[in-house]
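Those sequence lines, one after another, are chains A and B. Sequential numbering from 30 applies to the first sequence in our numbering. Sequential numbering from 30 applies to the second sequence in our numbering. All residues carry an ideal CB built from backbone N, CA and C; glycine is no exception. Everything on this sheet refers to the single structure shown next.
Protein chains: 2
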Amino acid sequence: MNQEPNSKQISTAVIRRLPRYFRYLRELIRSGVSRISSKELSERMNVTASQIRQDLNCFGGFGQQGYGYNVNHLYNKISAILGTDRGYTAVIIGIGNLGKALANNPLFEKRGVTITGLFDISPEVIGSNVGGVTVSDFSEIEEFLKSNKTDIAVLTVPKNQAKDVAEKLAECGIRGFWNFSNMELSLKEFNVKIENIHLGDTLMTLCYELAKSDDEKNKTM
Amino acid sequence: MNQEPNSKQISTAVIRRLPRYFRYLRELIRSGVSRISSKELSERMNVTASQIRQDLNCFGGFGQQGYGYNVNHLYNKISAILGTDRGYTAVIIGIGNLGKALANNPLFEKRGVTITGLFDISPEVIGSNVGGVTVSDFSEIEEFLKSNKTDIAVLTVPKNQAKDVAEKLAECGIRGFWNFSNMELSLKEFNVKIENIHLGDTLMTLCYELAKSDDEKNKTM
Numbered sequence: 030m031n032q033e034p035n036s037k038q039i040s041t042a043v044i045r046r047l048p049r050y051f052r053y054l055r056e057l058i059r060s061g062v063s064r065i066s067s068k069e070l071s072e073r074m075n076v077t078a079s080q081i082r083q084d085l086n087c088f089g090g091f092g093q094q095g096y097g098y099n100v101n102h103l104y105n106k107i108s109a110i111l112g113t114d115r116g117y118t119a120v121i122i123g124i125g126n127l128g129k130a131l132a133n134n135p136l137f138e139k140r141g142v143t144i145t146g147l148f149d150i151s152p153e154v155i156g157s158n159v160g161g162v163t164v165s166d167f168s169e170i171e172e173f174l175k176s177n178k179t180d181i182a183v184l185t186v187p188k189n190q191a192k193d194v195a196e197k198l199a200e201c202g203i204r205g206f207w208n209f210s211n212m213e214l215s216l217k218e219f220n221v222k223i224e225n226i227h228l229g230d231t232l233m234t235l236c237y238e239l240a241k242s243d244d245e246k247n248k249t250m
Numbered sequence: 030m031n032q033e034p035n036s037k038q039i040s041t042a043v044i045r046r047l048p049r050y051f052r053y054l055r056e057l058i059r060s061g062v063s064r065i066s067s068k069e070l071s072e073r074m075n076v077t078a079s080q081i082r083q084d085l086n087c088f089g090g091f092g093q094q095g096y097g098y099n100v101n102h103l104y105n106k107i108s109a110i111l112g113t114d115r116g117y118t119a120v121i122i123g124i125g126n127l128g129k130a131l132a133n134n135p136l137f138e139k140r141g142v143t144i145t146g147l148f149d150i151s152p153e154v155i156g157s158n159v160g161g162v163t164v165s166d167f168s169e170i171e172e173f174l175k176s177n178k179t180d181i182a183v184l185t186v187p188k189n190q191a192k193d194v195a196e197k198l199a200e201c202g203i204r205g206f207w208n209f210s211n212m213e214l215s216l217k218e219f220n221v222k223i224e225n226i227h228l229g230d231t232l233m234t235l236c237y238e239l240a241k242s243d244d245e246k247n248k249t250m
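See below:
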């Protein structure tokens, strides 16, 4: 296995910044850039060069003094740290508009995650084709997971169903939850990882910024 | 205007935590709780009580020693800081699956933001009703914004159209962008606030956690 140095001491903050490196490096590769200094990368990403060096040093550092980073090498390293080479699989539970948006989104493929099944309880959706996958009846999930090893469940079910659905899935061996149900899940009785997504939080941050700027305008008037 | 003490020195980290307080306090109100200690709140939110006291002190502190927080008062204060009482309005640009999911989501209403218009360029969508609002032709956006003061644009347009669309909207007076296009917008020539959303980032964090736990399992085996 690929053991990264000091991987235990890496802070959550650094981990949360890595996907951003992943995206920028991907863009660089696509535009044909093969080498970049921390200064250039910092200008593009709008963070300080020392922050970049510090972040990447957590993983052993990938740059050479006065030479910069090999973009491909760095991208591959960060991809590996982020698990994109593990062949993880996912099912989406709840094929409403958000479920459909996610099922059709290339974000899974870009991150090495394969969608193997879509599930819903509504007869109107079951049997339809979304992003190349046929939607199955949620009542068949247990059978499906027995014969298809699946790592991740994407939950876009209504809030009041989230806990029951998640517990059932955890019992069937799902190990990771990407949870859009707006119900904060913890599932402490299971050994699972959970990302609780609250889309509205960033709308509030935006409103805060607008309100602050309105107040400042009013103060100077 | 409601000026909050020390509002200038409040860190981004604290601001980013406030929506979470907003959500938890909302839940407390709904379950009939009117008073809560920082200890109880910290257990529910899974952060330390001292973190909570510190965060809320940034805004002048709302608790009384040995008495706890008045939930309604605290909720109203935090709501006000987050601008939910400003009557902000929003348009959604791009009514695909994600646009539809957002238009139908109560998250706007809960945060005091009114959706006043939905826009798309596809004849298949224009004229249809989504969440009670009729989808308009994007070519009419300029006219619309002239007669309907609008604060926020929610962008769910394809990546390659995001910059042009956003610049046009900024010229028409939009001040805030909630950007789901996966194109990192900066719009430095305009005085606007932007939240660039990258849904895939949290999927990567989840995959990182899974990969780490796999490695640990393999180490001990």
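Residue i - containing beta strand (DSSP E), residue span
i              : result
N225 (chain A) : K222 to N225
T77 (chain B)  : First-last for T77 (chain B): undefined, no H or E at that position.
F206 (chain A) : G205 to N208
Spatially closest choice to residue i from the options, by CA coordinates
i              : options                          : result
N101 (chain B) : B:I58, B:M74, B:G156 and B:S210  : B:I58
E172 (chain A) : A:E200, A:P187 and A:V159        : A:E200
K68 (chain B)  : B:I81, B:V221 and B:N105         : B:I81
S215 (chain A) : B:N99, B:N75, B:P48 and B:R140   : B:N75
M212 (chain B) : B:S71, B:R73 and B:H227          : B:H227
Y53 (chain A)  : A:I124, A:A78, A:E169 and A:L70  : A:L70
I44 (chain A)  : A:D84, A:V142 and A:K222         : A:D84
M229 (chain A) : B:N134, B:G229 and B:Q190        : For the record, residue 229 (chain A) in the displayed sequence is Gly; it is not Met. Closest by alpha carbon: B:N134.
I39 (chain A)  : A:N86, A:V162 and A:A130         : A:N86
A130 (chain B) : B:V62, B:V159 and B:D114         : B:V159
G202 (chain B) : B:L174, B:D193 and B:Q190        : B:L174
P48 (chain B)  : B:I107, B:K217 and B:F219        : B:I107
D243 (chain B) : A:D243, A:M250, A:N220 and A:E72 : A:N220
A195 (chain A) : A:F51, A:D114 and A:I170         : A:I170
Test item: CB-CB of residue i and residue j under 8 Å
i              : j              : result
I150 (chain B) : F167 (chain B) : yes
F91 (chain B)  : I110 (chain B) : no
I165 (chain B) : L147 (chain B) : Here residue 165 (chain B) turns out to be Ser, not Ile, going by the sequence shown. Closer than 8 Å, so yes.
A132 (chain B) : T179 (chain B) : no
T257 (chain B) : L127 (chain B) : This structure gives no information on residue 257 (chain B), because the portion of chain B shown stretches from 30 to 250.
K188 (chain B) : S210 (chain B) : yes
R204 (chain A) : C236 (chain B) : no
N18 (chain B)  : E224 (chain B) : The displayed coordinates of chain B run from 30 to 250. Any statement about residue 18 (chain B) would go beyond what the structure contains.
A240 (chain B) : F206 (chain B) : no
R46 (chain A)  : N99 (chain A)  : no
Y104 (chain B) : R55 (chain B)  : yes
I124 (chain B) : V154 (chain B) : yes
E25 (chain B)  : K222 (chain A) : With chain B covering only 30 through 250, there is no way to say anything about residue 25 (chain B).
Q66 (chain A)  : G97 (chain A)  : The identity of residue 66 (chain A) in the sequence shown is Ser, whereas the question assumes Gln. In this structure, G97 (chain A) lies closer than 8 Å to S66 (chain A) by Cβ.
Coil, strand or helix - residue i by DSSP
i              : result
F167 (chain A) : helix
V183 (chain B) : strand
D3 (chain A)   : It is not possible to answer for residue 3 (chain A), since the shown part of chain A is limited to 30 through 250.
I144 (chain B) : strand
I107 (chain B) : helix
N99 (chain B)  : strand
R115 (chain A) : coil
M30 (chain A)  : Reliability of the predicted coordinates at M30 (chain A) is poor, the pLDDT of 40 falling under 50, and no value is obtained from them.
N86 (chain A)  : helix
I81 (chain A)  : helix
Where the alpha helix (DSSP H) through residue i begins and ends
i              : result
I122 (chain B) : Premise fails: I122 (chain B) lies in the beta strand (DSSP E), T118 to I122, not in any alpha helix (DSSP H).
P48 (chain B)  : T41 to R59
M233 (chain B) : L228 to T249
L127 (chain B) : N126 to A132
N189 (chain B) : K188 to E200
K139 (chain B) : L136 to K139
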